[in-house]
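The next block holds one structure in the form of structure tokens; read it before the comments.
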Amino acid sequence: LFLDVNLPIGDDSYAYQGWGFHFGAQYAKVPLIDKISMGSELGLSLYTEGDDDAKYNRGTELNLGVEFDYDLNALKPYVGLDYFNRLTKSEEKCSVSGTAGSSGTCKIDDDYSGFLTTFGVNYSINQMMTIEGKYMISAGRYFGDYNYTIAANFYFNF
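Printed below as a string of structure tokens:
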């Protein structure tokens, strides 16, 4: 089981300004052959109302993923495939048309889905610290069509 918490920090022009809670179950390290293992994940993401002027509230999301790792001791290259689906539409405070000065909540038609393919490598410094580099290719309306991302992460496990 896992829980990831997204903090509402960053530039308001592109960073979501609400809290995010991503939780679910992972099944990792299923040995397939020799040094190759498989992991899987089922997750759900919930978001609080953003603290920006538009009062945007992101919809609930589901993700399913599978990953294959090749174990070279401290170095672990991997490839993963994830499916994302927004289960509920996002909401935004807005003016109601036809009523002067009235406001309400508008549903945004963004209940999209998409796929994310990841190529990466983890390097374990020790049992508690890991460095990761990855290249991600996303496709589908969930991601706004096609995107390419390069990322570096540091993990501290306790």
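The sequence shown: position 45 = 45 (our numbering), numbered continuously.
Using N, Cα and C, we set each Cβ at its ideal position, and we do this for glycine too.
Nothing here was measured: the structure is a model prediction, and the numbers come from that model.
List the endpoints of the continuous beta strand (DSSP E) containing residue i.
i   : result
M38 : 36 to 47
Q26 : 20 to 33
F84 : 75 to 86
G65 : 61 to 70
N6  : 2 to 6
Which residue's Cα is closest to the Cα of residue i: the options?
i    : options               : result
V121 : K134, K89, Q127, M128 : K134
R58  : T117, N85, A139, M128 : N85
Q127 : T149, I36, N157       : N157
F21  : L3, E92, F154, Y155   : L3
G144 : Y112, I125, K35       : Y112
F38  : N153, P77, E49        : The sequence shown places Met at residue 38, rather than the Phe named in the question. Residue P77 is the option with its Cα nearest to M38.
E132 : F119, A139, V5, S138  : F119
I33  : A25, D71, N153        : D71
Taking its Cβ as the centre, do 16 or more other Cβ atoms sit within 10 Å of residue i, making it buried, or is it exposed?
i    : result
Y27  : exposed
L116 : buried
G114 : buried
D69  : buried
Y148 : exposed
Y142 : buried
With the cut-off set at 8 Å, would you say residue i and residue j are in Cβ contact?
i    : j    : result
L46  : L64  : no
G80  : E61  : no
F23  : L44  : yes
M129 : A151 : no
D87  : Y123 : According to the sequence provided, residue 87 is Leu. The question's Asp does not apply to it. Against a cut-off of 8 Å, the Cβ pair of Y123 and L87 comes out as no contact.
Runs of beta strand (DSSP E) lying entirely within the region 125 to 153, each at least 3 residues, in chain order:
129 to 139
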